[in-house]
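One structure below.
Numbering (the numbering used here), first residue to last: 31 to 247.
See the structure below:
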């Protein structure tokens, strides 16, 4: 759906949308959503404001899908880059079932085993995204360790961080995706309110989610 926008000076803009008769046909809640981008030197701050404009509890998922050039410099390779976390982590990523379009919580792959680093290779994404739920780390760097250049994302308000680039294409970018909620898991029922990491707010309530993207130069 189309979003309206309002500029606030040269470095800040807010996009917004809300429910209408068409959205109510597929998402039966009256909502308002605002997304503010604010540029401050090497940082881009993104703030989501979700408001329940209904007379009942509202349930939703929220996530972002920003993509970044990788590699950044001519002469570099995708495999020169790493994902670097502030803490050593052990995490199993659920495999996405491309035939049934759902995550399989039983079929998992371990990309972090008491480690703070994932070395990138296009083959990691042959089975779609890497999904890391519930890490201690609430930030991640996409960087070339030889140069220190890249980007860092802080995602404190999100439970999961995922990474995606198109399978078997060798596209020159990688998406860093903070999620609260995800696509269907094979062990879930058909009730939306039972989905993993479902968000809920009461009538008239608003909730804010923030993330920050920082250049590493």
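All residues carry an ideal CB built from backbone N, CA and C; glycine is no exception.
Nothing here was measured: the structure is a model prediction, and the numbers come from that model.
Range of the contiguous beta strand (DSSP E) that encloses residue i
i           : result
residue 66  : 61-70
residue 138 : 132-149
residue 203 : 203-210
residue 156 : From DSSP, residue 156 is part of no beta strand (DSSP E); its letter is neither H nor E.
residue 98  : 97-99
residue 120 : 112-127
residue 37  : 34-37
Contacts around residue i, its chain only, beta-carbon distance under 8 angstroms, and the 5 residues preceding and following it disregarded
i           : result
residue 151 : 108 and 109
residue 46  : 33, 34, 35, 36, 62, 63, 64 and 65
residue 229 : 80, 89, 90, 91, 92, 210, 211 and 237
Other residues of its chain near residue i: CB distance less than 7 angstroms, five sequence neighbours each side excluded
i           : result
residue 234 : 82
residue 126 : 133, 157, 158 and 159
Beta-bridge partners of residue i, as assigned by DSSP
i           : result
residue 243 : 74 and 183
residue 237 : 80
Given residue i as reference, the closest of the options once Cα atoms are compared
i           : options               : result
residue 68  : 128, 44, 52 and 106   : 44
residue 241 : 105, 208, 203 and 195 : 208
residue 162 : 236, 210, 229 and 176 : 210
residue 174 : 114, 55 and 124       : 114
residue 248 : 60, 50 and 40         : Within the shown structure, residues of the chain are numbered from 31 to 247, placing residue 248 beyond reach of any answer.
residue 190 : 57, 93 and 220        : 93
residue 164 : 112, 232, 200 and 124 : 124
Opening and closing residue of the alpha helix (DSSP H) in which residue i lies
i          : result
residue 54 : 51-56
Close beta carbons around residue i, own chain, < 6 angstroms, minus the five adjacent residues each side
i           : result
residue 216 : 132 and 134
residue 49  : 60 and 61
Count the CB pairs spanning the segment 166-178 and the segment 137-145 that are closer than 8 angstroms, and state whether there are at least three.
The answer is no - the segment 137-145 does not touch the segment 166-178, with fewer than three Cβ pairs under 8 angstroms.
Within the chosen definition, does the segment 111-122 reach the segment 72-79 through at least 3 CB pairs nearer than 8 angstroms?
No: the two stretches stay apart, fewer than three of their Cβ pairs being nearer than 8 angstroms.
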